[in-house]
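Adding 157 to a residue's 1-based position in the sequence shown gives its number in our numbering.
Here is the structure we will look at, set down as structure tokens.
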Amino acid sequence: MAKKVEVKDLLEAGVHFGHLTRKWNPNMAPYIYMERNGIHVINLYKTVAKMEEANEALKKIAASGRKILFVATKKQAKDIVAEKVANVNMPYITERWPGGMLTNFVTIRKAVKKMASIDRMKKDGTFLTLSKKERLQVDRLRAKLEKNLGSISEMTRLPGALFVVDTMREHIAVKEAQKLNIPIFAMVDTNCDPRDVDFLIPSNDDASKSIDIIMTQVCDAVAEGLTERKSEKQADNEGGDEAPKVKKAKKEAVVEDTEVETAPAAKNKEKAEPTPETVETEAPPVVAKTTANEIEAEVSTEAIEKKAPKKETKAKAAKGDDLTKVEGVGPKAAEAMVNAGLETFAKLAKADPEKIKEVLTEASSRMAHLDPTTWPKQAKMAADEKWDELKEWQDSVKGGVE
């Protein structure tokens, strides 16, 4: 399990520094803590919560076997991203974003194949048959392709997700991913629009220390997902060796049971030879059919009665609400409230803020700073399904605190 990052570490790395107030994007207001000396300060508690959410999603994508494409072409980010991402064997773009990289993926694959064909020429000796000038041209072409597309040479299909550092600089990549409905993860600064991103991490995307600490956490989550996938494959392979034996044993057991059941039936048939007397005294076969139908009906009724409680249990389990829709409630806080019996918006709306504060503090000392004063008010709007009113209210305050 990767070490969870703390607010103190992010503070030391300068993750909280935003842009000048005149350059801000108003949609980033919920993630801004304050303004000081003309610069916006990012709320690091929200950064931690959003990072945990993004890491969990990235871990699942990596565990499913899909690739995550990392994009960072700015000077202070490219070397860090290339180093971290290469360790988890994921594709990355650190030079100019090739237009149509996602929307025209077939053409990009042709360029990658061209690079592979040049490598084959060098191996089989065809390269040496070219003139000196042609060899020089081919070498230059190979170097250019390697620089721009070398990291995606093993990406044979569209990625399962896109991770971007600075969405304003990589706006073309973001638009292409949106067009193809590819999930977008991103480090989002105060001058960017968070609405373009599915999983955002509010953070300083200009400082190398800030990029380094965020990328370390993200790559650790991806590595965990890859480890899970590897262990699952090993378990499947171990179980695969035993599977044929188990199937064979089951088949033999079925055959034996069939022989045991059919043998007495055959003997009874031999004994019961039809005679005129037996034909007259035997009951009509309709009675046997009726009895069989009654038994089938009883069995089906019992099966329905047995299955009914399971459906009720599933219905009960599905009654909980997504408490993270309340501004200020992160995944950990939501989990703590569910454990305390506040699993729905209706229950949270009736709860006392002081009681909620006690629940959070008991669950973890890291959540002692949270202010749940407005949570019942927001939960009441959510319980009444006044989503537009709730969104308008959340946009008008900062961090869910009036």
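Glycine is no exception: its CB is placed at the ideal position from the N, C-alpha and C atoms.
Remember, it's a predicted structure, so these values are computed and weren't measured experimentally.
Chain-order list of residues whose beta-carbon lies under 7 Å from that of residue i (same chain, five-residue window excluded)
{"i": "THR481", "result": "GLY487, PRO488 and ALA491"}
{"i": "GLU333", "result": "MET258, LEU259 and THR260"}
{"i": "LYS304", "result": "GLU252"}
{"i": "SER367", "result": "ALA170, GLY171, VAL172, SER360 and ASN361"}
{"i": "LYS527", "result": "Here residue 527 is Leu; the residue named in the question, Lys, does not match the sequence. So the qualifying residues of the chain are GLY485, ALA490 and LEU517."}
{"i": "ALA497", "result": "VAL516"}
{"i": "ASN570", "result": "The structure shown does not extend to residue 570, since the chain is modelled only from 158 through 559, so no value can be given for it."}
{"i": "PHE262", "result": "LEU315"}
C-alpha gap between residue i and residue j, whole angstroms
{"i": "GLU395", "j": "SER388", "result": "11 Å"}
{"i": "LYS301", "j": "ASN246", "result": "21 Å"}
{"i": "LYS336", "j": "VAL345", "result": "20 Å"}
{"i": "LYS279", "j": "LEU315", "result": "29 Å"}
{"i": "GLU213", "j": "THR286", "result": "53 Å"}
{"i": "GLY195", "j": "ARG292", "result": "57 Å"}
{"i": "ILE358", "j": "LYS231", "result": "18 Å"}
{"i": "MET538", "j": "PHE502", "result": "9 Å"}
{"i": "ASN200", "j": "GLN391", "result": "42 Å"}
{"i": "ILE549", "j": "PRO187", "result": "First, the residue type needs correcting, since residue 549 is Glu and not Ile in the sequence shown. The alpha-carbon atoms of GLU549 and PRO187 are separated by roughly 12 Å."}
{"i": "ASP355", "j": "ILE513", "result": "29 Å"}
{"i": "ALA330", "j": "ASP353", "result": "11 Å"}
{"i": "LYS408", "j": "LYS217", "result": "A caution first: LYS408 carries a pLDDT of 48, below 50, which makes its placement in the model too unreliable to give a value."}
{"i": "PHE174", "j": "HIS197", "result": "7 Å"}
{"i": "ALA460", "j": "ALA508", "result": "Confidence is the limiting factor: at ALA460 the pLDDT is only 44, short of 50, which leaves the residue's position unreliable, though a coordinate-based value still follows. Going from the Cα of ALA460 to the Cα of ALA508 covers about 42 Å."}
{"i": "GLN294", "j": "LYS270", "result": "17 Å"}
Cβ-Cβ separation, residue j to residue i (assumed contact under 8 Å), whole Å
{"i": "ILE275", "j": "ARG299", "result": "5 Å"}
{"i": "LEU226", "j": "PRO248", "result": "5 Å"}
{"i": "LEU306", "j": "ILE265", "result": "7 Å"}
{"i": "GLU163", "j": "THR178", "result": "Not really, about 28 Å apart at Cβ, beyond 8 Å."}
{"i": "PRO533", "j": "ALA506", "result": "5 Å"}
{"i": "MET325", "j": "LYS241", "result": "Going by Cβ atoms, the distance from MET325 to LYS241 rounds to 22 Å, so no, they are not a contact pair."}
{"i": "ALA536", "j": "VAL483", "result": "6 Å"}
{"i": "LEU168", "j": "THR204", "result": "Going by Cβ atoms, the distance from LEU168 to THR204 rounds to 10 Å, so no, they are not a contact pair."}
Contacts around residue i, its chain only, beta-carbon distance under 6 Å, and the 5 residues preceding and following it disregarded
{"i": "ASN425", "result": "In this prediction, ASN425 scores a pLDDT of 44, lower than 50, which makes its location untrustworthy; no coordinate-derived value is stated."}
{"i": "ALA135", "result": "Summary: the structure shown does not reach residue 135, with the chain confined to residues 158 through 559, and so no result is reported for it."}
{"i": "GLU327", "result": "VAL228 and VAL321"}
{"i": "SER308", "result": "PRO248 and TYR249"}
{"i": "LYS235", "result": "ALA229 and THR251"}
{"i": "GLY477", "result": "GLU500"}
{"i": "TYR202", "result": "none"}
Cutoff 8 Å; reference residue i; Cβ partners in own chain excluding five residues on either side
{"i": "GLU209", "result": "LYS161, GLY487, PRO488 and LYS489"}
{"i": "SER521", "result": "LYS489 and ALA493"}
{"i": "ARG223", "result": "PRO316, GLY317 and ALA318"}
{"i": "GLN374", "result": "ALA159, VAL162, MET208 and ASN212"}
Residue i, DSSP secondary structure in three states
{"i": "LEU167", "result": "helix"}
{"i": "GLY498", "result": "coil"}
{"i": "HIS328", "result": "helix"}
{"i": "ALA539", "result": "helix"}
{"i": "LEU547", "result": "helix"}
{"i": "LEU259", "result": "coil"}
{"i": "LEU527", "result": "coil"}
{"i": "ASP369", "result": "helix"}
{"i": "ASN182", "result": "coil"}
{"i": "GLU484", "result": "coil"}
{"i": "MET312", "result": "coil"}
{"i": "SER553", "result": "helix"}
{"i": "LYS235", "result": "helix"}
{"i": "GLY307", "result": "helix"}
{"i": "SER521", "result": "coil"}
{"i": "GLY382", "result": "helix"}
{"i": "VAL172", "result": "coil"}
{"i": "ALA503", "result": "helix"}
Residues that residue i bridges to, as DSSP identifies them
{"i": "PRO359", "result": "VAL345"}
{"i": "LEU319", "result": "LEU226 and ILE341"}
{"i": "PHE284", "result": "Paired residues: none, contrary to the question."}
{"i": "HIS197", "result": "GLU192"}
{"i": "TYR249", "result": "PHE227"}
{"i": "LEU177", "result": "ILE196"}
Within-8 Å CB hit, residue i to chain C
{"i": "SER221", "result": "No chain C appears in the structure shown, which is made up of a single protein chain."}
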